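There are 2 protein chains.
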Amino acid sequence: MGGIDEVARLAGVSTATVSRALSGNGAVSPATRMRVVDVAHSLGYVVSSNASSLASGRTKNVGAVVPFLNRWFFSSVIEGAERALLRAGYDLTLYNLAGGGDERRSVFEHFLLRKRVDAVIAISLELTEDEVSRLLALGKPVVGVGGPLAGVPTLMIDDVRVARLATEHLLALGHTRIGHIGGNEASDLDFHMPASRRTGYDEAMRAAGLAPESMPFHAGDFTIQGGYRAAAQLLGEQSSRPTAVFAASDEMAIGTILAARDLGLSVPHDVSVIGIDGHELAEFFGLTTVEQFPEQQGERAVELLMQRLATDAVEQPSTSESLPFSLAVRASTAPPVG
Amino acid sequence: MGGIDEVARLAGVSTATVSRALSGNGAVSPATRMRVVDVAHSLGYVVSSNASSLASGRTKNVGAVVPFLNRWFFSSVIEGAERALLRAGYDLTLYNLAGGGDERRSVFEHFLLRKRVDAVIAISLELTEDEVSRLLALGKPVVGVGGPLAGVPTLMIDDVRVARLATEHLLALGHTRIGHIGGNEASDLDFHMPASRRTGYDEAMRAAGLAPESMPFHAGDFTIQGGYRAAAQLLGEQSSRPTAVFAASDEMAIGTILAARDLGLSVPHDVSVIGIDGHELAEFFGLTTVEQFPEQQGERAVELLMQRLATDAVEQPSTSESLPFSLAVRASTAPPVG
DNA sequence: AGCCCCCTCGCAAGCGCTTGCACAATGTTC
DNA sequence: GAACATTGTGCAAGCGCTTGCGAGGGGGCT
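Structure follows, in structure tokens:
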């Protein structure tokens, strides 16, 4: 009941024709197609994805592997990807590594192997070599977003340039004492982003004839609270207080703004603050930032995947794409006083 | 290659036995099972979900329908659900209604119909009658989380009681002028939560002999910014300024704290603030709040679903469950001064 | 008129599993 | 030791689609 046979019967054609009419694969005359589509619609018939997948080898589903879900960047990328996928008739199934050990292993050793997906999007993941090779061994298109994955084409902003741009904005305003709040050494080892952003900062400082190593630096964990704590330290020492702070993420920058307030410092009068990300709260806090556009990154990732699926090119083009970003100047940055 | 036949051959049994050994359905001697499992493991064989689904009618996959993804509550519920599902060997596929019109329709008219899921979790959704009936027409277990769905068993906190508890906390501290920041009339029509929280507030006030209608009220949109704007108004009028504010969500409460600071008011000295949710930022802002536990709600939803799938009870028990919550007292509330 | 090509469509063989049924080999009971 | 459960396994028929191949028919060409 409700299967393809019924549609075929009512439309007066074979199941083969129904399949072709509904999927768009193979030639069907416009008249026949219309009849089939009408019957299917009136029966509320939708092709069973399992039967279809089994027969065709295509699942119309892509997997998204993420390290967390409840962080702005990740959920935004997913949101963009999901939207693009729905439009293309694809589903999105989620593989959240947050759980840690066991769950993480089983995602790679079990879940991704059951042929439920045609492709996978890996978001801001630092994977072990073994995990990457398992991913590639699936023989399916893979694209990374937001973090470099060896051997996988990846979409990401050029963190070095972005950080340079942010730092240059402060320099152009006339600041010469610019503190930095970034990642700590430990996390830098497995995740390059904080290191790259620091590099961009260093480059800009040196290009301006300033010595980055002599500037105040504190590590945060990319949360508001981490930024607050780092900023409290960095801004707390009267003697060496910078006139501007470049935080490696908007959340840390917001923490910095809050810390400044609590220290009785006015932003931007006493201290300018700039971040990176274009977080949804940036505007509310009047935060100057270099925006990136995670939703669009998700959409772009899907675009790439669809293209790759269409040409069934199995080989991974390793051309990584560099994504757009843009400086949004708000009230948190101004020329230094005096 | 790599199919069940190869495993069967190498283990010296039939494919039927392999299927039974790997799935746990049907009796297989321990020795045989071990042999099969070993062979499967060494070949890296994992049952193809499509073939399995087609043959068995079970997909080992559940759908999660959400209105947004990038909000704390939703992503937390999903995170909890995902974790529980992975443990049970299930996948989670995401249906995000955020797009609005077209995408929303196609989720109900197309995507959910392709038999890709065994059950669905509907998170904080206000669905039309048509949408609910389509959901039920799937003939699959459905559970709602965080919002009432007619005819669907739902997990949610008792918003009235939670709001009463929050208000009573302020009353117990001695406050008698307590403002409220809640939802606006329009949104109340399709989403009951703001109205329920207001009801709880009204009840507590009346029980204390106070007239809620004479208290300051402003509508916010459940964001930090909305809370800020509402609080700016509510706290801005010198004459009628309340000594305490009950915000219907933590994000709005945080906005209230920020607005108070900007108005030169000290929290809790000049004004106490309490929220609802247990948002991850509450602790950072020292916000007193009534916590709910969305991750656990996600896990609980999965538990319910699994139970229902196990007993293949098709009929929906309409017993809705009321979830735990708890008052977390922090620095944002104190007795009124003088 | 005859030939060929192209377009449309049906036939039927799978896709890779699951499971009802049958059957053999043990174990249990009196 | 006969009669009957019980347990472990294999056989084979699907699950509901997709698609290679081939048949039929209409039109354009020489």
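Chains V and P, in that order, give the protein sequences.
Here the first sequence stands for residues 1 to 338, where the numbers follow our numbering.
Here the second sequence stands for residues 1001 to 1338, where the numbers follow our numbering.
Beta carbons are placed, not taken as given, at the ideal position from N, Cα and C, and that holds for glycine.
As the structure is a computational prediction, the values presented were derived from the model and not from experiment.
Just how far apart, CA to CA, sit residue i and residue j?
{"i": "Phe1246 of chain P", "j": "Leu1323 of chain P", "result": "21 Å"}
{"i": "Ala195 of chain V", "j": "Gly1024 of chain P", "result": "48 Å"}
{"i": "Phe218 of chain V", "j": "Asn184 of chain V", "result": "Per the sequence presented here, residue 218 of chain V reads as His, with Phe not at that position. Rounded to the nearest angstrom, the two C-alpha atoms are 8 Å apart."}
{"i": "Ala231 of chain V", "j": "Ala260 of chain V", "result": "7 Å"}
{"i": "Leu1189 of chain P", "j": "Asp1277 of chain P", "result": "Any answer about Leu1189 of chain P is weak, because its pLDDT of 46 lies below 50 and its placement is not dependable; what the coordinates show is given next. So the alpha carbons of these two residues sit roughly 21 Å apart."}
{"i": "Pro1335 of chain P", "j": "Ser1272 of chain P", "result": "8 Å"}
{"i": "Ala1375 of chain P", "j": "Asp1202 of chain P", "result": "There is no way to answer for residue 1375 of chain P, as the model of chain P reaches only from 1001 to 1338."}
{"i": "Phe284 of chain V", "j": "Gly1255 of chain P", "result": "10 Å"}
{"i": "Arg229 of chain V", "j": "Ala1253 of chain P", "result": "22 Å"}
{"i": "Arg9 of chain V", "j": "His1110 of chain P", "result": "22 Å"}
{"i": "Arg197 of chain V", "j": "Ala248 of chain V", "result": "7 Å"}
{"i": "Val337 of chain V", "j": "Pro242 of chain V", "result": "12 Å"}
{"i": "Lys1060 of chain P", "j": "Gly1089 of chain P", "result": "7 Å"}
{"i": "Ala150 of chain V", "j": "Leu138 of chain V", "result": "16 Å"}
{"i": "Gly147 of chain V", "j": "Glu291 of chain V", "result": "16 Å"}
{"i": "Ser1019 of chain P", "j": "Ser1048 of chain P", "result": "11 Å"}
{"i": "Met193 of chain V", "j": "Leu1173 of chain P", "result": "47 Å"}
{"i": "His175 of chain V", "j": "Glu321 of chain V", "result": "33 Å"}
{"i": "Arg1177 of chain P", "j": "Lys1115 of chain P", "result": "55 Å"}
{"i": "Lys1140 of chain P", "j": "Arg1330 of chain P", "result": "43 Å"}
{"i": "Leu1113 of chain P", "j": "Val46 of chain V", "result": "6 Å"}
How many whole angstroms separate the CB atoms of residue i and residue j, which I take to be in contact at a CB cut-off of 8 Å?
{"i": "Met215 of chain V", "j": "Gly179 of chain V", "result": "6 Å"}
{"i": "Asn1096 of chain P", "j": "Trp72 of chain V", "result": "About 16 Å separates the two Cβ atoms, so there is no contact after all."}
{"i": "Val1152 of chain P", "j": "Val1132 of chain P", "result": "7 Å"}
{"i": "Leu962 of chain P", "j": "Ile1274 of chain P", "result": "Here chain P comprises residues numbered 1001 to 1338, so residue 962 of chain P is not present and cannot be evaluated."}
{"i": "Leu1155 of chain P", "j": "Val1142 of chain P", "result": "Rounded, the Cβ-Cβ distance is 12 Å, inconsistent with contact."}
{"i": "Glu1103 of chain P", "j": "Leu85 of chain V", "result": "No, Glu1103 of chain P and Leu85 of chain V are not in contact; Cβ-Cβ is about 10 Å, not under 8 Å."}
{"i": "Gly1220 of chain P", "j": "Gly1227 of chain P", "result": "5 Å"}
{"i": "Phe108 of chain V", "j": "Arg83 of chain V", "result": "Going by Cβ atoms, the distance from Phe108 of chain V to Arg83 of chain V rounds to 27 Å, so no, they are not a contact pair."}
For a cutoff of 7 Å on Cβ pairs, would you count residue i as touching chain P?
{"i": "Asp188 of chain V", "result": "Low confidence applies here, because Asp188 of chain V scores a pLDDT of 48, under 50, leaving its location unreliable; read the following figure in that light. It does not; no Cβ of chain P falls within 7 Å."}
{"i": "Ala51 of chain V", "result": "yes"}
{"i": "Ser239 of chain V", "result": "no"}
{"i": "Val46 of chain V", "result": "yes"}
{"i": "Glu299 of chain V", "result": "no"}
{"i": "Ser249 of chain V", "result": "no"}
{"i": "His110 of chain V", "result": "yes"}
{"i": "Thr256 of chain V", "result": "no"}
{"i": "Thr93 of chain V", "result": "yes"}
{"i": "Arg198 of chain V", "result": "no"}
{"i": "Asn96 of chain V", "result": "yes"}
{"i": "Arg116 of chain V", "result": "yes"}
{"i": "Ser42 of chain V", "result": "no"}
If the criterion is Cβ atoms closer than 7 Å, does the pair residue i and residue j meet it?
{"i": "Asp91 of chain V", "j": "Thr1093 of chain P", "result": "yes"}
{"i": "Gly80 of chain V", "j": "Gly298 of chain V", "result": "yes"}
{"i": "Val1160 of chain P", "j": "Thr1199 of chain P", "result": "yes"}
{"i": "Leu1022 of chain P", "j": "Ala51 of chain V", "result": "no"}
{"i": "Ala40 of chain V", "j": "Val7 of chain V", "result": "yes"}
{"i": "Phe1074 of chain P", "j": "Ile1121 of chain P", "result": "no"}
{"i": "Thr289 of chain V", "j": "Ala328 of chain V", "result": "yes"}
{"i": "Asp1250 of chain P", "j": "Ala1282 of chain P", "result": "yes"}
{"i": "Pro294 of chain V", "j": "Ser76 of chain V", "result": "yes"}
{"i": "Ser1332 of chain P", "j": "Leu1287 of chain P", "result": "yes"}
Starting from residue i and walking both ways along the alpha helix (DSSP H), at which residues does that stretch end?
{"i": "Tyr1228 of chain P", "result": "1224-1236"}
{"i": "Leu1086 of chain P", "result": "1072-1087"}
{"i": "Phe1108 of chain P", "result": "1101-1109"}
{"i": "Asp1118 of chain P", "result": "Looking at the DSSP string, Asp1118 of chain P is not in any alpha helix (DSSP H), and its letter there is neither H nor E."}
With 7 Å as the threshold, decide whether the Cβ of residue i is near any Cβ in chain V.
{"i": "Gln1225 of chain P", "result": "yes"}
{"i": "Glu1082 of chain P", "result": "yes"}
{"i": "Ser1124 of chain P", "result": "no"}
{"i": "Phe1284 of chain P", "result": "yes"}
{"i": "His1269 of chain P", "result": "no"}
{"i": "Leu1054 of chain P", "result": "yes"}
{"i": "Leu1086 of chain P", "result": "yes"}
{"i": "Lys1140 of chain P", "result": "no"}
{"i": "Ile1078 of chain P", "result": "yes"}
{"i": "Leu1113 of chain P", "result": "yes"}
Go to residue i, then tell me how far its beta strand (DSSP E) extends in each direction, as first and last residue.
{"i": "His1180 of chain P", "result": "1178-1182"}
{"i": "Ala219 of chain V", "result": "217-219"}
{"i": "Gly144 of chain V", "result": "142-145"}
{"i": "Ile1254 of chain P", "result": "It is not in any beta strand (DSSP E) - Ile1254 of chain P instead sits in the alpha helix (DSSP H) that spans 1250-1262."}
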